[in-house]
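These notes concern the structure reproduced below.
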Amino acid sequence: MRTLLIFAFTLASAAGAEAPAFPGAEGFGARARGGRGGKVLLVRNLNDSGPGSFREAVTQKGPRIVVFRVSGIIDLQTPIRITEPFLTVAGQTAPGDGVCFRGASVSVDASEVILRYLRFRPGDISGKEVDGLAIGGESRRVIVDHCSAGWSVDECLSPSGAISDVTVQWCIIAEGLNHSVHHKGPHGYGSLVRAVGGITMHHNLWAHQTARSPRLGDNYGKPPYPTFDIRNNVIYGWSGVASGMTGDVFDANYVGNYLKPGPDSNTTRGAIVLTKTAKPRYYAADNAIPKGMRLFSEEKQVTVMDKPFAAAPVRTTTAAKAYEEVLEHAGASLPRRDAVDRRIAEQVRTGTGHIIDSQWEVGGWPEYRSERPPVDTDRDGMPDEWEKAHGLNPRDPTDAVKDRDGDGYTNIEEYINSLAWPVRRSSATAPAAKSRK
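In structure tokens:
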């Protein structure tokens with residue numbers, strides 16, 4: 008099927024530039040360095056804290072790459088706040104069914120962070136107002152890839168703060184808990200997105216959210232104003248508002264998105280609802296919207312551009328093609344897509360399912376089976392057999408940080424990337440509109 012042209016962006020992608028976060032990384036956060044060149048830390052248990060725990064690994068200082076030697080549910084007694092930069096978390100390395108965080112939030116307040124193939128479903132069991140995954144503070148160069156976030160009491164996945172150069176791609180953001188324990192009442196929301204720079208959200212599925220799928224905004228009225236690139240996402244089964252109430256100043260590309268109503272959906276309002284104080288500029292093209300539904304609730308409130316705003320490259324297809332690809336591949340699909348994501352994808356296809364108030368309405372957390380991890384004699388995160396097949400020494404722990412083929416990825420990155428979804432290349436570029444300063 009025809010690939011749509013996308014816009015140009017002056018990014019350090021010329022010959023000799025630093026390698027992307029991983030093959031297939033796209034958007035403003037594509038150049039996140041993560042833990043490249045740093046120590047390899049093994050998650051050996053499902054404990055909340057202590058030696059061998061996820062919390063111990065991500066809160067350490069210095070560049071680090073986190074590899075899992077176990078699958079299952081990690082019950083968090085308190086939130087995990089990642090404040091140290093240069094971190095890669097490779098959820099695809101978990102042996103078995105993968106990892107899910109329950110009970111409390113995980114947040115990123117750090118730069119140069121890569122999170123892949125993780126599940127964030129805190130639920131209502133703590134009785135507190137919790138997000139699934141949050142990215143805030145002054146974070147720069149962060150990418151979240153193939154993660155699943157849901158069953159939160161506030162937003163499920165929110166990049167929000169004085170942040171810039173962030174990508175959220177190929178994620179499932181679903182089933183925020185609506186009539187739950189939030190002090191404001193109904194609050195089943197998807198993503199609150201505030202920034203001071205570039206944010207890309209592409210090939211994600213928002214499903215069964217009351218609103219905020221996503222809700223875009225500036226940093227509470229303070230410049231610099233952000234540029235959002237929202238493309239090839241699927242938005243399904245909202246109730247009040249598809250993409251949230253917007254009353255801020257920003258520029259946005261809204262391209263190739265597929266909006267599909269569900270049993271709870273209201274299609275009488277615009278997909279993007281604007282307040283009286285709104286001053287956004289939008290470039291919108293090739294979106295699939297329900298018949299009779301407007302894109303903007305108040306068209307006089309928005310400046311519609313005839314050219315896209317400058318943004319980092321993203322491979323872009325038609326909305327119909329994106330719908331199929333997102334339902335097939337989004338979320339924490341490795342090591343295996345779990346029963347929750349399979350159910351949600353099927354509900355989108357069949358036009359079924361509802362906004363929920365508690366995770367128990369849909370069966371709660373599934374069991375995540377753990378398998379025996381591969382033999383790793385030198386504990387460098389790379390299995391012995393993989394090292395032998397690639398000319399490395401399974402008894403030399405120092406070869407993890409080396410770059411055998413000189414392509415910019417260290418050997419441990421080569422291994423973890425080999426487990427992930429196949430690479431997709433960006434399409435050609437076209438002229439871009441000038442961004443607001």
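Residue numbers for the sequence shown follow my numbering, so the first one is 8 and each next one is one higher. All C-beta atoms, glycine included, are put in the ideal place defined by N, C-alpha and C.
Beta-carbon proximity check, residue i vs residue j, cutoff 8 Å
i, j, result
"V77", "L122", "no"
"V120", "P129", "no"
"L212", "A337", "yes"
"A218", "I351", "no"
"S171", "G204", "yes"
"W245", "Q216", "yes"
"L341", "H186", "no"
"E145", "G168", "yes"
"C107", "W372", "yes"
"F29", "T174", "no"
"S112", "P86", "yes"
"P27", "R379", "no"
"N239", "A327", "no"
"S365", "G79", "no"
"T325", "M300", "no"
"E332", "H210", "yes"
"Y124", "A339", "yes"
"I419", "D383", "no"
"F257", "P221", "no"
"A97", "F127", "no"
"G143", "S114", "yes"
"L399", "T100", "no"
"P404", "D385", "yes"
"I237", "M208", "yes"
Cut-off 7 Å between Cβ atoms - residues of its own chain near residue i, not counting five sequence neighbours on either side
i, result
"G42", "P70, R71, I72, F93, L94 and T95"
"G57", "E63"
"N424", "F29, P30 and Y416"
"T90", "D116 and A117"
"K395", "P401"
"G197", "E162, C163, I180, G183, W213, Q216, R219, S220 and P221"
"R276", "V248 and S304"
Enclosing alpha helix (DSSP H) for residue i [first to last residue]
i, result
"K445", "With the chain covering only 8 through 444, there is no way to say anything about residue 445."
"I419", "N418 to S425"
"A111", "No alpha helix (DSSP H) holds A111; DSSP gives it neither H nor E."
"V347", "A346 to T357"
"F75", "From DSSP, F75 is part of no alpha helix (DSSP H) but of the beta strand (DSSP E) over R71 to F75."
"R379", "Looking at the DSSP string, R379 is not in any alpha helix (DSSP H), and its letter there is neither H nor E."
"F61", "F61 to V65"
Whole-angstrom C-beta distance between residue j and residue i, which should lie under 8 Å
i, j, result
"D131", "V160", "6 Å"
"L334", "R349", "Rounded, the Cβ-Cβ distance is 10 Å, inconsistent with contact."
"G247", "T284", "Contact doesn't hold; Cβ gap of about 19 Å is too wide."
"V200", "F235", "7 Å"
"R411", "E33", "Contact flag wrong, Cβ pair sits at about 26 Å."
"L83", "G110", "5 Å"
"A249", "A278", "4 Å"
"P230", "A202", "Contact doesn't hold; Cβ gap of about 12 Å is too wide."
Range of the contiguous beta strand (DSSP E) that encloses residue i
i, result
"N260", "D258 to V262"
"W213", "L212 to A214"
"Q2", "For residue 2 there is no data in the structure shown, the boundaries of the chain being 8 and 444."
"D391", "First-last for D391: D391 to A396, but that is the alpha helix (DSSP H), not the beta strand (DSSP E)."
"I170", "Element bounds for I170: n/a, residue is neither H nor E."
"D152", "R147 to D152"
"L122", "V120 to R123"
"D236", "T234 to R238"
"I242", "V241 to Y243"
"Y290", "R288 to A292"
"S155", "S155 to G157"
"G41", "Careful: G41 lies outside any beta strand (DSSP E) and carries neither H nor E."
"T100", "Note, T100: premise wrong, no beta strand (DSSP E); not H, not E."
"R201", "L199 to R201"
"M208", "G205 to H209"
6 Å Cβ shell around residue i - same chain, five flanking residues per side excluded
i, result
"E305", "L281"
"R147", "S118, S171 and D172"
"G23", "In this prediction, G23 has a pLDDT of 42, which is less than 50 and means its spatial position is unreliable; what the coordinates show is noted afterwards. Excluding residues within five positions, none has a Cβ falling inside 6 Å."
"T66", "none"
"L49", "V74 and R76"
Same chain, Cβ closer than 8 Å to residue i, five either side skipped, listed in chain order
i, result
"E25", "A19, R38, R40 and G415"
"H361", "H215, G244, G269, P270 and D271"
"G45", "G69, P70, R71, I72, F93 and V408"
"L184", "G130, D131, W158, S159, V160, H194, G195, I363, D364, S365 and Q366"
"W428", "G31, H153, W177, H336, S340 and L341"
"G228", "D255 and V256"
Beta carbon proximity, residue i to chain B, threshold 8 Å
i, result
"P381", "The structure shown contains no chain B; it holds only a single protein chain."
Query raised in the report: Is the number of C-beta pairs between the stretch 295 to 306 and the stretch 314 to 324 that are closer than 8 Å three or more?
Result: Verdict: no, contact absent.
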